[in-house]
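Peer 1: Before I ask anything, here is the structure I am working with.
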Amino acid sequence: TIRLRPGEQDRLLAGHPWIYQNELEGWPPDAAPGDLVDLHDSQGHFLGRGYLNPRTTLAVRVLARGRVPVDQEFFLARIRQAMALRERFMGDRVAYRVVHGEADGLPGLVVDRYDDAVAIQLLTAGMDRRRELILTAVEEVLRPRTIVARNDSPMREREGLPRERAVLRGQIPPDPTVTIYGLDVVVDLLEGQKTGLFLDQIDNYPLIERMAGGAEVLDCFCYVGLWGLLAARSGATRVTGIDQSPAAIKQATALAERNGLTDRCAFRVGNVFDELREHDRRREAFDLVILDPPAFVKAHNRIPEALAGYKEINLRAMRLLRPGAFLVTCSCSYHLSAEQFLRMLWDAARDVRRTVRLVARGQQGRDHPVLLGLPESEYLKCCVLQVL
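Residue numbering for the sequence shown follows my numbering, beginning at 24 and increasing consecutively.
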C-alpha cells in the first residue's frame with residue numbers, strides 16, 4: 024500500500040491513470056520495478072490498484088479502480104474486451120491494433136495483429152514481469168500462429184529493461200502479407216519500424232482517393248510507401264517517395280513491384296528537408312504532397328524547436344503545390360496540440376502568401392482509441408489542405 028500526498032488524488036479520480044514520484048508520500052524500501060501496489064489518498068481511502076516502478080519519474084500506472092486480482096483472468100478479460108471493440112469496427116481488416124495501452128486498461132502493453140501473426144510490446148517493468156500471463160491470454164483470445172516481441176522501444180531502457188526482438192511463439196512465415204485497401208503489403212515483423220507498419224494511419228489513407236486521380240504526387244517520409252502506393256492505385260500518374268531509411272525505400276520499391284505500380288512509383292533515399300528545398304529550387308510543381316513525419320517533439324520544452332521544423336516542411340510543400348492542389352500533413356507528437364498544429368499551418372501559409380483552406384481532418388484510427396482523462400493518448404493529427 025502506498026499513499027498519495029494531500030490533494031494529489033484529483034487527477035486520478037478524474038480518470039488519469041498515471042502517478043508521478045512527487046505525488047507519492049513514499050513507497051516500501053524493498054519495492055521492485057513492476058510490483059503491484061494499492062493506492063490510497065492521504066486519508067487512507069482506497070483509489071485503485073496499479074504497478075510501481077520506483078526507478079522512473081512516472082512511478083505508478085493504474086490498472087483498476089477496484090481491488091481486482093491481476094491474474095490470468097484479468098488479462099483474458101481485458102484482451103477479450105479490447106478484441107470485442109476491434110471486431111465491431113475493423114470489419115474484414117486483418118492489420119490493426121488489438122491492445123492500445125492505457126486506452127484498453129493495460130498500460131505499457133501494445134498488441135498488433137497482422138492476420139495470423141501478432142507483435143507485442145511490453146514497454147514497462149509491470150508488463151514485462153507478467154509476460155507469460157499476457158502471452159497465454161493473447162494465444163487464447165487471438166489464436167495466432169506467430170507471436171513476436173518488438174521490445175526495442177527506448178521506453179524500455181527508461182524502465183530499466185533491455186531491448187529485444189524475438190520470436191516468442193511459432194515462426195515467422197516467408198513474406199508475411201496483409202491486404203490494405205487492395206494492396207498486398209509484406210510486413211517486416213522483426214526489423215520494420217514500430218511493429219512493422221504504422222497502423223494508426225490506416226483509417227486516414229482513404230482521404231487521398233478523390234485527390235489522387237491524374238495527380239503528380241510527392242510522398243515525404245514515406246516509410247514503405249503506403250500513402251504513395253494508394254495514390255497510384257487511385258489514379259495518380261506519377262508518385263515520388265522519399266525517406267531517409269534505405270531499408271524502408273527497399274521495401275517500398277518491392278511493394279510497388281509486387282502491386283504492379285512500378286511504372287508510376289519511384290522511391291529514393293533522401294533527407295526530406297533537403298529534398299524539399301531542392302524541388303523548390305528547381306521550381307517543380309505537384310498536385311498532391313504528403314507529409315507524414317516522425318514525431319519532432321519528444322518533450323514539452325522542445326515544442327518551439329519542433330514547430331520550426333514542422334513549419335519548414337509545410338512551407339516548402341505549399342510552395343511546390345499548383346493552384347488548387349492538396350497537402351496532406353500529419354503530426355504524431357502528442358506534446359503538440361491540434362490548435363498549435365493548425366496555427367503553424369496558418370503561419371506557413373501566410374509566409375508563402377498562399378490562400379489555404381482546411382478540407383478534412385483525420386486522427387488515429389478506431390483501433391487506437393483515446394482514453395478520456397488521458398490527453399496524452401490523443402496524439403495523431405492529420406489535415407487535408409487545399410492550396411489556392
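Note that the Cβ used here is the ideal one computed from N, Cα and C, for glycine as well.
Computed from a prediction, not measured in an experiment: that's the story for all the values here.
1) Report, in whole angstroms, the separation of the C-beta atoms of Ile170 and Leu158, which I expect to be a contact under 8 Å.
2) Quick check: Pro56 and Arg78, are their CB atoms within less than 8 Å of each other?
3) By the three-class DSSP mapping on this structure, what secondary structure does Asn282 have?
4) Using the Cα positions of Leu81 and Leu129, report the straight-line distance between them to the nearest angstrom.
5) Determine the DSSP secondary structure at Phe98, reduced to helix, strand or coil.
6) Rounded to whole angstroms, what is the Cα-Cα separation between Arg88 and Leu395?
7) Compare the C-alpha of Ala271 against each of Val247, Ala259, Arg256, Leu284 and name the closest.
8) Using the rule of at least 16 other Cβ atoms within 10 Å of the residue's Cβ for burial, across every protein chain shown, is Tyr43 buried or exposed?
9) Comparing alpha-carbon positions, which option in Leu368, Pro398, Gln386 lies nearest Gln409?
10) Are the CB atoms of Gly193 and Arg173 within a distance shorter than 8 Å?
11) Give me the DSSP bridge partner(s) of Ala87.
12) Excluding the five sequence neighbours on either side, which residues of its own chain have a C-beta within less than 7 Å of the C-beta of Pro29, listed in chain order?
13) With His302 as the anchor, note down where its alpha helix (DSSP H) starts and where it stops.
14) Rounded to whole angstroms, what's the CA-CA distance from Leu62 to Tyr74? Just pull it up for me.
15) Can you name the start and end residues of the beta strand (DSSP E) that Ile326 belongs to?
16) Report yes if the C-beta of Leu220 is less than 7 Å from at least one heavy atom of the ligand PLP; otherwise report no.
17) Pull up the distance between the alpha-carbon of Arg373 and that of Arg384, whole angstroms please.
18) Does the Cβ-Cβ distance between Leu99 and Glu162 come in under 8 Å?
19) So, do the region 238–258 and the region 286–293 have three or more beta carbon pairs nearer to each other than 8 Å?
20) What are the start and end residues of the alpha helix (DSSP H) that includes Glu362?
Peer 2: Let's see:
1) Cβ-Cβ separation between Ile170 and Leu158: approximately 7 Å, consistent with a contact (criterion under 8 Å).
2) In this structure, Arg78 lies closer than 8 Å to Pro56 by Cβ.
3) Here DSSP, grouped into helix, strand and coil, assigns Asn282 to coil.
4) Each residue's alpha carbon lies about 16 Å from the other.
5) Phe98: helix per DSSP, three-state reduction.
6) One Cα belongs to Arg88, the other to Leu395, and the distance between them is close to 15 Å.
7) Closest option to Ala271, Cα to Cα, is Val247.
8) The residue in question, Tyr43, is exposed, as its Cβ has fewer than 16 Cβ neighbours within 10 Å.
9) The shortest C-alpha separation from Gln409 is found at Leu368.
10) Against a cut-off of 8 Å, the Cβ pair of Gly193 and Arg173 comes out as no contact.
11) DSSP lists Arg72 as partners of Ala87.
12) Within the same chain, Pro29 has close Cβ partners Ser65.
13) Here the alpha helix (DSSP H) through His302 covers 295–304.
14) C-alpha of Leu62 to C-alpha of Tyr74: approximately 10 Å in a straight line.
15) Ile326 -> not in any beta strand (DSSP E); alpha helix (DSSP H) instead, spanning 326–343.
16) As far as ligands go, the structure on display features none, and thus does not contain the ligand PLP.
17) Approximately 20 Å, taken between the alpha carbons.
18) No.
19) Between the region 238–258 and the region 286–293, the count of C-beta pairs closer than 8 Å reaches three or more; the two stretches touch.
20) In the DSSP assignment, Glu362 falls within the alpha helix (DSSP H) that extends over 361–375.
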